[in-house]
Amino acid sequence: MGIALSKTGIIAQKLKTLTFNTNQYQELIKPLKEIITHYQIKTIVLGYPKHMNNDIGIKAQISIDFKKQLKKNFLDVKVILWDERLSTVQSLKILKQNNKTKTQIKQMKDEIAATIILQNYLDYKITN
Numbered sequence: 001m002g003i004a005l006s007k008t009g010i011i012a013q014k015l016k017t018l019t020f021n022t023n024q025y026q027e028l029i030k031p032l033k034e035i036i037t038h039y040q041i042k043t044i045v046l047g048y049p050k051h052m053n054n055d056i057g058i059k060a061q062i063s064i065d066f067k068k069q070l071k072k073n074f075l076d077v078k079v080i081l082w083d084e085r086l087s088t089v090q091s092l093k094i095l096k097q098n099n100k101t102k103t104q105i106k107q108m109k110d111e112i113a114a115t116i117i118l119q120n121y122l123d124y125k126i127t128n
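Numbering (UniProt numbering), first residue to last: 1 to 128.
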């Protein structure tokens, strides 16, 4: 899972990628707690992978369930689901344009996608 943050509320920057076993999202709670505490996070923008036709599929339902888990574990943190459609496609395009190797792309694609998702949210917040 890619992690990005914004210190200014204007610009998103990549932070890191957290790894976990497939569908074992509870493994993310401890490392997220460390990040939330260290950076004094007040809002989590969680990717919401809806289908292109706006339908809610299995992955989007997983995001909804993970949001509930986050809200239960981090009572003082606002959790927002944000449309992440095409963020991974954009991430891969950016990495390929910057001549990254396959290994680098695999390592960086999630945190770049997280940065894109957060930046989209910040841009929306600024203009609305």
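Just so you know, even glycine gets a beta-carbon here, dropped at the ideal spot from N, CA and C.
Is the separation between the beta-carbon of residue i and that of residue j shorter than 8 angstroms?
i, j, result
"LEU95", "ILE112", "yes"
"PHE20", "LEU28", "yes"
"ILE105", "LEU92", "yes"
"ALA60", "LYS50", "yes"
"ILE3", "LYS16", "yes"
"LYS42", "LYS78", "yes"
"TYR39", "LEU18", "no"
"LYS14", "THR127", "no"
"MET108", "LYS102", "no"
"TYR25", "PHE66", "yes"
Helix, strand or coil: which one does DSSP assign to residue i?
i, result
"THR8", "coil"
"THR37", "helix"
"LEU75", "coil"
"LYS68", "helix"
"LYS100", "coil"
"GLN13", "strand"
"LEU46", "strand"
"ILE116", "helix"
"ILE56", "coil"
"LEU86", "coil"
"residue 131", "Missing from the structure shown is residue 131; the chain here goes from 1 to 128 and no further."
"LEU18", "coil"
With burial defined as no fewer than 16 other Cβ atoms inside 10 Å of the residue's Cβ, what is the status of residue i: buried or exposed?
i, result
"GLY47", "buried"
"ASP110", "buried"
"ILE58", "exposed"
"MET1", "buried"
"VAL45", "buried"
"GLU34", "exposed"
Would you mind giving the Cβ-Cβ distance between residue i and residue j, rounded to the nearest angstrom? I have them listed as a contact below 8 angstroms.
i, j, result
"LEU81", "ILE64", "7 angstroms"
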